[in-house]
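Before any comments, here is the structure.
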Amino acid sequence: MAFHVRHPIALAARPGARTFSVLYFVESLSRAAMATVLPLTAYALYETKEAVSLVYTAVSLAALCLSFAIPLLVRRISRKWTYSLGCALLALCGALTWLETPPSLALALLARTLGAAVINVTLNLYIMDNIGKRDLARSETLRFAVSTLAWTAMPLIGVWLMQARGLWAPCLVCIAGALLLAALFWYRRLAEGGPIRAAGGAAAPGRSPLRAIRRFAAQPRLRLAWSIAFARSAFWTTFFVYAPILMVEGGRSATAGAMVVAGGNLMLLNNLFTRSWAARFSLRRVIGGALLVAAALVLLAALLTRAAPAPAGIVLVAAAFFVAMLDGLGPVPFLRAVRARERAEMSTVYRTYLDASELLPQVAYFFLFMIGGFAAAFAGLAALMTAIGLLALRYLPRGM
1 MAFHVRHPIA LAARPGARTF SVLYFVESLS RAAMATVLPL TAYALYETKE
51 AVSLVYTAVS LAALCLSFAI PLLVRRISRK WTYSLGCALL ALCGALTWLE
101 TPPSLALALL ARTLGAAVIN VTLNLYIMDN IGKRDLARSE TLRFAVSTLA
151 WTAMPLIGVW LMQARGLWAP CLVCIAGALL LAALFWYRRL AEGGPIRAAG
201 GAAAPGRSPL RAIRRFAAQP RLRLAWSIAF ARSAFWTTFF VYAPILMVEG
251 GRSATAGAMV VAGGNLMLLN NLFTRSWAAR FSLRRVIGGA LLVAAALVLL
301 AALLTRAAPA PAGIVLVAAA FFVAMLDGLG PVPFLRAVRA RERAEMSTVY
351 RTYLDASELL PQVAYFFLFM IGGFAAAFAG LAALMTAIGL LALRYLPRGM
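Each residue of the sequence shown is one higher than the last, beginning at 1 in this note's numbering.
Right, dumping it as structure tokens:
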């Protein structure tokens, strides 16, 4: 029967860490091309950072509500078509940004957020089906490490293309990356259910969003995993959106903003080593310690924003080194704690940290900007990261 397949035998092999790393790398190419272009375009179109904050808040709220339809999509149209929809949404982001109007940019931000959510949920399902729990730390750190090139180079390339050729150029890169991602995904032909399955029992029946949230909230380890991911993502949301604006508002160029973002993304390279650090010092200490050190650096950046925006940007890059450690290790507490029968529903609830980290900080920043500008906003972020870091040190299992 092996000779009756319609594709090369190599494609039938069980996908491993390299497969998911390649997919994540190509997705990163598409998204990173717009990482600095979008906030700078928003600042130019909406004119103030407070207005930018309101637009991002509205987009995040809409994305949060729509994201609960992802499990329904997975059940109705299958994972592969749901993943493909995510690719189409990333391409749509580039097309809508190309129009360069305030309404189309808001829709582009929504398409990008939803596209990332759809891809994140479905990719996590494939990973949990094909990567054993003992290999998750290696798989996740490798996945984020290989994306470093994209997240380091593409923000700079995107801004350079925008200044040299016009907004259409990075938009075209975004669209091309999304189409390439879809092509690679279909080439790999990932199976709907991988070899790693729950021991006995039928799959959990579909739950309503509210029942899934209640089930998620009833499990302390899942709550803590969500909190860690939320703190990490809140930093990156703040970093990607407001670090470029801080540079421009402080009299620096758009290129300087892109360099700060690229420098922060370069810190993802430490994911090549975080697995060994976690094995030596324990996952609990690495996650908790990284959050606390990053919080201290963000607070220092807050103190520098008014007098020295450029040094503040450098300090934020230093903070990104410690937050980047959580990109590879941060998802591990969730991936180890979630039950196989509840993967689709719990993955959807878990990934709401993305929408929440784009919604809640933006709401807070709108008021904090009026109180004390960037200094107040960054101080609020530092307080959040400190609280979650202390919780991680206290409640993550010692053996993890």
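Beta carbons: idealized from backbone N, C-alpha and C, even for Gly.
Model, not experiment: these values are computed from the prediction.
On a Cα-Cα basis, can you pick out the residue from the options that is closest to residue i?
i                 : options                        : result
alanine 308       : Ile157, Ala319, Thr348, Gly251 : Gly251
asparagine 120    : Phe366, Thr101, Trp168, Arg343 : Arg343
phenylalanine 273 : Arg339, Leu299, Arg143, Val22  : Arg143
leucine 224       : Val241, Arg284, Asn271, Trp168 : Arg284
valine 315        : Leu297, Phe322, Leu246, Arg351 : Leu297
leucine 248       : Ser21, Ala108, Ala44           : It is worth fixing the name first, because residue 248 is valine in this sequence and not leucine. Looking at the Cα atoms, Ala44 is the closest of the given residues.
phenylalanine 281 : Arg398, Leu125, Ala42, Val146  : Arg398
glycine 186       : Arg339, Val74, Trp81, Val293   : Glycine is not the amino acid found at residue 186; the sequence shown has tryptophan there. Minimum Cα distance to tryptophan 186 is reached at Trp81.
leucine 64        : Leu92, Val74, Ala116           : Ala116
isoleucine 157    : Ile228, Gly264, Ala258, Arg188 : Ala258
alanine 153       : Gly264, Trp226, Ala212, Ser53  : Gly264
arginine 188      : Ala256, Leu292, Ser21, Ala337  : Ser21
leucine 190       : Arg394, Asn130, Trp236         : Asn130
threonine 41      : Ala91, Trp168, Ser227, Ile213  : Trp168
glycine 389       : Val363, Phe68, Val293          : Val293
valine 338        : Ala256, Trp226, Ser53          : Trp226
phenylalanine 322 : Ala340, Tyr46, Trp236          : Trp236
Are residue i and residue j close, meaning C-beta to C-beta below 8 angstroms?
i                 : j                 : result
threonine 348     : proline 71        : yes
proline 333       : leucine 396       : yes
alanine 51        : cysteine 174      : no
phenylalanine 378 : alanine 302       : yes
leucine 384       : alanine 243       : no
valine 159        : alanine 254       : yes
alanine 320       : phenylalanine 239 : yes
valine 261        : threonine 97      : no
alanine 62        : leucine 99        : no
alanine 312       : threonine 305     : yes
threonine 122     : arginine 79       : yes
methionine 162    : proline 155       : no
leucine 477       : isoleucine 287    : In the structure as shown, the chain starts at 1 and stops at 400, and residue 477 therefore has no counterpart that could be examined.
threonine 148     : leucine 266       : yes
alanine 17        : valine 59         : no
valine 241        : proline 39        : yes
leucine 85        : valine 118        : yes
tryptophan 151    : leucine 268       : yes
leucine 23        : glycine 177       : no
alanine 356       : asparagine 271    : no
leucine 114       : leucine 66        : yes
leucine 299       : alanine 376       : no
valine 26         : leucine 246       : no
glycine 94        : leucine 184       : no
leucine 359       : threonine 57      : yes
phenylalanine 216 : leucine 222       : yes
alanine 91        : leucine 179       : yes
Label residue i either buried or exposed according to how many other C-beta atoms from any shown protein chain fall within 10 Å of its C-beta, with 16 as the threshold for buried.
i              : result
isoleucine 77  : exposed
glycine 166    : exposed
alanine 199    : Summary for alanine 199: the model assigns pLDDT 40, below 50, so the residue's position carries little reliability, and this model does not support an answer.
alanine 203    : Because alanine 203 carries a pLDDT of 41, less than 50, the predicted location of this residue cannot be relied on, and the following value inherits that uncertainty. Label assigned to alanine 203: exposed.
serine 230     : It is worth fixing the name first, because residue 230 is phenylalanine in this sequence and not serine. Flag for phenylalanine 230 reads buried.
alanine 279    : exposed
tyrosine 353   : buried
tyrosine 83    : buried
leucine 11     : Model confidence at leucine 11 stands at a pLDDT of 37, short of 50, so the residue's coordinates are unreliable; what they give is reported in the following sentence. Classification for leucine 11: exposed.
tyrosine 365   : buried
cysteine 87    : buried
threonine 19   : buried
arginine 232   : buried
alanine 290    : buried
serine 276     : exposed
proline 441    : Missing from the structure shown is residue 441; the chain here goes from 1 to 400 and no further.
arginine 31    : buried
methionine 346 : buried
methionine 128 : buried
proline 220    : exposed
leucine 73     : buried
arginine 394   : exposed
alanine 218    : exposed
arginine 351   : buried
isoleucine 228 : buried
arginine 75    : exposed
arginine 112   : buried
Please determine whether the Cβ atom of residue i lies at a distance below 7 angstroms from any heavy atom of the ligand GDP.
i           : result
leucine 283 : As far as ligands go, the structure on display features none, and thus does not contain the ligand GDP.
In chain order, each alpha helix (DSSP H) run of at least 4 residues that lies wholly inside the stretch 36 to 111 = You should have 37 to 46, 49 to 67, 70 to 99.
In chain order, which alpha helix (DSSP H) runs of at least 4 residues are fully inside the stretch 235 to 305?
-> Every unbroken stretch of the alpha helix (DSSP H) spanning 4 or more residues and falling wholly within the stretch 235 to 305 is given here in chain order: 254 to 266, 274 to 281, 283 to 304.
Please go through the stretch 317 to 345 and give each complete alpha helix (DSSP H) segment of 4 or more residues, from N-terminal end onward.
-> 332 to 337, all fully within the stretch 317 to 345.
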